[in-house]
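4 protein chains.
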Amino acid sequence: MMTPRLSVQRKEQLESERKAQILRAALTVFARKGFRGATIAEIAKKAGVSEGTIYNYFRNKEDLLLSLPREILAPPLAAHFSPEKEAESPQNFLEKVLMASLEQFTANVDLIRVLLASVPVMDEAAREEYLRRTVLFVSDFLEKYFQKEIARGTYRSLHPSVLARTFFGMFFVFFVTQEILLGKRTVPLTYEEIAKEAVDLFLHGALASKAN
Amino acid sequence: MMTPRLSVQRKEQLESERKAQILRAALTVFARKGFRGATIAEIAKKAGVSEGTIYNYFRNKEDLLLSLPREILAPPLAAHFSPEKEAESPQNFLEKVLMASLEQFTANVDLIRVLLASVPVMDEAAREEYLRRTVLFVSDFLEKYFQKEIARGTYRSLHPSVLARTFFGMFFVFFVTQEILLGKRTVPLTYEEIAKEAVDLFLHGALASKAN
Amino acid sequence: MMTPRLSVQRKEQLESERKAQILRAALTVFARKGFRGATIAEIAKKAGVSEGTIYNYFRNKEDLLLSLPREILAPPLAAHFSPEKEAESPQNFLEKVLMASLEQFTANVDLIRVLLASVPVMDEAAREEYLRRTVLFVSDFLEKYFQKEIARGTYRSLHPSVLARTFFGMFFVFFVTQEILLGKRTVPLTYEEIAKEAVDLFLHGALASKAN
Amino acid sequence: MMTPRLSVQRKEQLESERKAQILRAALTVFARKGFRGATIAEIAKKAGVSEGTIYNYFRNKEDLLLSLPREILAPPLAAHFSPEKEAESPQNFLEKVLMASLEQFTANVDLIRVLLASVPVMDEAAREEYLRRTVLFVSDFLEKYFQKEIARGTYRSLHPSVLARTFFGMFFVFFVTQEILLGKRTVPLTYEEIAKEAVDLFLHGALASKAN
DNA sequence: CATGAATGAGGATTCATTCAT
DNA sequence: AATGAATGAATCCTCATTCAT
Chain A
11 MMTPRLSVQR KEQLESERKA QILRAALTVF ARKGFRGATI AEIAKKAGVS EGTIYNYFRN
71 KEDLLLSLPR EILAPPLAAH FSPEKEAESP QNFLEKVLMA SLEQFTANVD LIRVLLASVP
131 VMDEAAREEY LRRTVLFVSD FLEKYFQKEI ARGTYRSLHP SVLARTFFGM FFVFFVTQEI
191 LLGKRTVPLT YEEIAKEAVD LFLHGALASK AN
Chain B
11 MMTPRLSVQR KEQLESERKA QILRAALTVF ARKGFRGATI AEIAKKAGVS EGTIYNYFRN
71 KEDLLLSLPR EILAPPLAAH FSPEKEAESP QNFLEKVLMA SLEQFTANVD LIRVLLASVP
131 VMDEAAREEY LRRTVLFVSD FLEKYFQKEI ARGTYRSLHP SVLARTFFGM FFVFFVTQEI
191 LLGKRTVPLT YEEIAKEAVD LFLHGALASK AN
Chain C
11 MMTPRLSVQR KEQLESERKA QILRAALTVF ARKGFRGATI AEIAKKAGVS EGTIYNYFRN
71 KEDLLLSLPR EILAPPLAAH FSPEKEAESP QNFLEKVLMA SLEQFTANVD LIRVLLASVP
131 VMDEAAREEY LRRTVLFVSD FLEKYFQKEI ARGTYRSLHP SVLARTFFGM FFVFFVTQEI
191 LLGKRTVPLT YEEIAKEAVD LFLHGALASK AN
Chain D
11 MMTPRLSVQR KEQLESERKA QILRAALTVF ARKGFRGATI AEIAKKAGVS EGTIYNYFRN
71 KEDLLLSLPR EILAPPLAAH FSPEKEAESP QNFLEKVLMA SLEQFTANVD LIRVLLASVP
131 VMDEAAREEY LRRTVLFVSD FLEKYFQKEI ARGTYRSLHP SVLARTFFGM FFVFFVTQEI
191 LLGKRTVPLT YEEIAKEAVD LFLHGALASK AN
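Residue numbers (this note's numbering), protein chains in the order written: chain A, 11 to 222; chain B, 11 to 222; chain C, 11 to 222; chain D, 11 to 222.
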């Protein structure tokens, strides 16, 4: 009785892979059709499994949605936004943050699409969890940076939260407008060029009358 | 034989009122449940009409969604963002724009919610129409303003589109994060204070080392 | 607005008829397939309505089951077992009760089938309600009768509850065994003959040695 | 080459034990959820085996149901109701039969529950088999007894079948009502007291006017 | 025009059964 | 022989839409 053919470890790995496979399919379909518009049948087909199999790994459709940020987004985000070598020039540091964010966002356009569509409809707890793992993750990272640097006299003494979100917003809105809402580029600049200009703007302001 | 009880004009007015009444209900429900999650029954109940009546004024559920920006948002927006007295100081002008936007956004949180959730799922044409009447409306207005003022030497010679969306984004992200995503205020500042700081930041930059 | 074409009364009558029509179909199918084995599709077909219509009148499948005794059985039962002319001879009275019960049971074989199959699986509250409207209804009626008659010296001083259920059981088992369990008659006597013998037995006992 | 580890006999015994273990689990779950409501998964869990294993011992779910009376109930029943020492006084004998039945019923409440729920839905053959091994088993035993005793002049010359089922029903209805339908005792008497009263009633009748 | 009952297609979910390991 | 993941048919229920009144 009870003869495990596979080691527990191997089994867990297989299970984890299967979950990821299903979640990737779910993400694609959610992004394309919205949560309600997505059907389990379509997700199953795209994942290459039967409908029933999905329910062996997730409690229900909503569980798929709620598992997305935890299983898909968390690892790369954590890797990117760790409090390390911030000892660079502001321009360099902020540009790097923007480009890293961009990379993440681009790799997860679908997830952001899902987030914008689904978060407002979620209940309190799910919403918190979802945001903490995505938008707020980057925002908090920046806030801490600004706090430290304001203390060091690098930045003007403004509210760190305002600095963080303002900086984040300058760029994020570009991204969302083009990639999520419009679905196409409307400004004839690369993201790298935009990032450079945005950081410059953020650091030195828009006014020409600096000399005065 | 049958004399018309109501003049054609009066009739049209009544019809228009009825449409607005239904659309307001639809907006509320869409915002709360998402497009797919909303039911005609609930919209009908909230509008105080029967389900069948809705189909006398709108072709189908999707028509309700697509009619929202045209009928609900357009008039007030047009009133606010007309190319008039821009001859103020940049700080004053931009603060006014932000506060006016804020007013519009606050009055239409529901519509933005619907927009973020539904636009990505819409087809090309509907998406264009939707955005042109909302986000892009303000953005274009700002772009024209920056174009003119750059020419006049007020602002540095950056891409007007970048300036417009960057400026817009600085503030909009606050709004969306707090009102739409989180559903509550997390920064201990009023929007007026935030607007002031954001404009200051936008004009003069974040760096402390200006003096040098 | 709001022009009711039908009087409220007429509407209620129509609704009531429709409910009855659906319940009759449900009863038949439940009896034949059991509660879980019955499908809404089959009930709908037998009732001559669409599946959706059923949900306009009943919350869900379980509501159909729970509505059965209240809507189908209650009226005729109440009519039959009212505390009236009990001033007959015991033999006459008890025979009449048995024959009346028989009539009810025969007319509601299906309901008893459903009751025996479903009641044990129901939750406390539903079970109480169900039994109070069926088995216990007759049983309580008999109990009150025996209580009164024992006081008058007609019957031996046994526990009225025991008398009631014992008497009821003598006959009921015939009915259930034949009509519900076996599905066919196995005793070569009519129910009328059985009732006569059962009452005789109940009143005078089975022993032959009375004379002694 | 391969020497059998277990003797054929031992093997059969193990198989038989495993079957019994699964059937006991099935009985419990069927009783609690009904046949359709029971899931193989739950039965497997309760039996401490995997779902697949069940199919090594039983063809399918229905086979579990049909195997119940043969494997679970038959042996003890046969032991109890054998045609032996009937040479006791009627009161003694009948009381013993009732108490023995009671013991069997109490030990098999679940089986009776399943029987009442499932038998009406079974096909002809299965129903016969099921009943022959349960209710009719006792009933036939009694019928033979009454037949013999009527010939000996102990009982009045009534139909033996009527006597048997009547006697059986007097008590059985108590049991079913309390244990199966209501799920609780509602009469303040022990089953032993009820059995005594029921036998007394059966033998001597309910009428007080015996003396006359 | 307004109503709301009826419709039935569509979709989430369950679960008996199979079969590779 | 035992396992339990995978399967997909089956089924309850929802809801946009229609249409007779």
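No residue lacks a Cβ here, since even glycine has one placed at the ideal position from N, Cα and C. Only a predicted model underlies this, so the values are computations on that prediction, with no experimental measurement involved.
ask   = Nearest-angstrom Cα distance between E138 (chain B) and E153 (chain A)?
value = 35 Å
request  = Show which residues of chain B have a CB atom less than 7 Å away from the CB atom of F151 (chain A).
outcome  = Neighbours of F151 (chain A) on chain B: none; closest Cβ ~15 Å, over 7 Å.
query = What residues from the stretch 201-217 of chain D come within 7 Å of chain C, judged by C-beta to C-beta, listed N to C?
reply = I204, E207, A208, L211, F212, L213, H214, G215, A216 and L217
ask   = Taking 8 Å as the CB-CB cut-off, is V148 (chain C) touching chain D?
value = no
inquiry  = In whole angstroms, give me the CA-to-CA distance for A221 (chain D) and R175 (chain C).
reply    = In this prediction, A221 (chain D) has a pLDDT of 47, which is less than 50 and means its spatial position is unreliable; what the coordinates show is noted afterwards. Approximately 25 Å, taken between the alpha carbons.
Neighbour flag for P100 (chain C) against chain D, beta carbons, 8 Å = yes
ask   = Considering only residues of the same chain and omitting the five flanking positions on each side of L125 (chain A), which have a CB-CB separation below 7 Å?
value = Y140 and T144
request  = For the alpha helix (DSSP H) holding P170 (chain A), just list the boundary residues, first then last.
outcome  = P170 to F185
inquiry  = Less than 8 Å between the beta carbons of L213 (chain B) and Q101 (chain B), yes or no?
reply    = yes
query = Taking the alpha carbon of E105 (chain C) as the point to measure from, which residue in C:A218, C:L37, C:V209 and C:L217 has its own alpha carbon closest?
reply = C:V209
ask   = Interface residues of chain A around R123 (chain B) at Cβ under 9 Å?
value = P130 and V131
task = Provide the residue span of the alpha helix (DSSP H) that contains R42 (chain D), from first to last.
result = V18 to K43
request  = Spell out whether any CB of chain B is found under 8 Å from the CB atom of P14 (chain A).
outcome  = Low confidence applies here, because P14 (chain A) scores a pLDDT of 46, under 50, leaving its location unreliable; read the following figure in that light. False, the Cβ-Cβ gap to chain B never drops below 8 Å.
query = Can you find a heavy atom of the ligand NAD that lies under 7 Å from the Cβ of M132 (chain A)?
reply = Among the components modelled here there is no ligand, and therefore nothing to report on the ligand NAD.
ask   = On the three-state DSSP scale, how would you describe L199 (chain A)?
value = coil
query = For L217 (chain A), which residues does DSSP report across the bridge?
reply = B:Y165
request  = Would you mind stating whether V197 (chain C) and V148 (chain D) have Cβ atoms separated by less than 8 Å?
outcome  = no
inquiry  = Do P130 (chain A) and A127 (chain B) have their beta-carbon atoms positioned less than 8 Å apart in this structure?
reply    = yes
inquiry  = Considering only the alpha carbon of each residue, which of A:I204, A:E72 and A:A161 lies closest to M180 (chain A)?
reply    = A:I204
query = Does I190 (chain D) come within less than 8 Å of chain C when only Cβ atoms are used?
reply = yes
ask   = Is the stretch 185-196 of chain C close to the stretch 116-123 of chain C, with three or more CB pairs under 8 Å?
value = yes
request  = Pick out whichever of D:T200, D:R20, D:V18 and D:Y65 has its Cα sitting closest to the Cα of L33 (chain D).
outcome  = D:Y65
ask   = To the nearest whole angstrom, what separates the beta carbons of F40 (chain B) and L76 (chain B), a pair I think is in contact under 8 Å?
value = Rounded, the Cβ-Cβ distance is 11 Å, inconsistent with contact.
message = Tell me the DSSP secondary structure of M48 (chain D) in three-state form.
response = Note on identity: in this sequence residue 48 (chain D) is Ala, with Met being the wrong assignment. A48 (chain D): coil per DSSP, three-state reduction.
key: Pairwise C-alpha distance: A135 (chain C) and N70 (chain D)   = 34 Å
ask   = Are any of the Cβ atoms in chain D nearer than 8 Å to that of S171 (chain C)?
value = yes
ask   = What distance in whole Å lies between the Cβ atoms of A84 (chain A) and K56 (chain A), which are believed to be in contact at a cut-off of 8 Å?
value = Contact flag wrong, Cβ pair sits at about 22 Å.
message = Strictly under 8 Å for the Cβ-Cβ distance: is V145 (chain D) near chain C by that measure?
response = yes
query = For L211 (chain C), does the count of other Cβ atoms within 10 angstroms reach 16, so buried, or fall short, so exposed?
reply = buried
key: A218 (chain D) vs Y201 (chain C) beta-carbon contact at 8 Å   = no
task = Give me the Cα-Cα distance between V183 (chain B) and G47 (chain C), rounded to the nearest whole angstrom.
result = 55 Å
message = In this structure, how does DSSP classify E138 (chain A) when only helix, strand and coil are distinguished?
response = helix
task = Using the Cα positions of K194 (chain C) and A54 (chain C), report the straight-line distance between them to the nearest angstrom.
result = 29 Å
inquiry  = Comparing C-alpha positions only, which one of C:P170, C:F68, C:Q19 and C:A110 sits nearest to K29 (chain C)?
reply    = C:F68
message = For L112 (chain D) and F185 (chain D), I'd like the C-alpha separation in whole angstroms.
response = 8 Å
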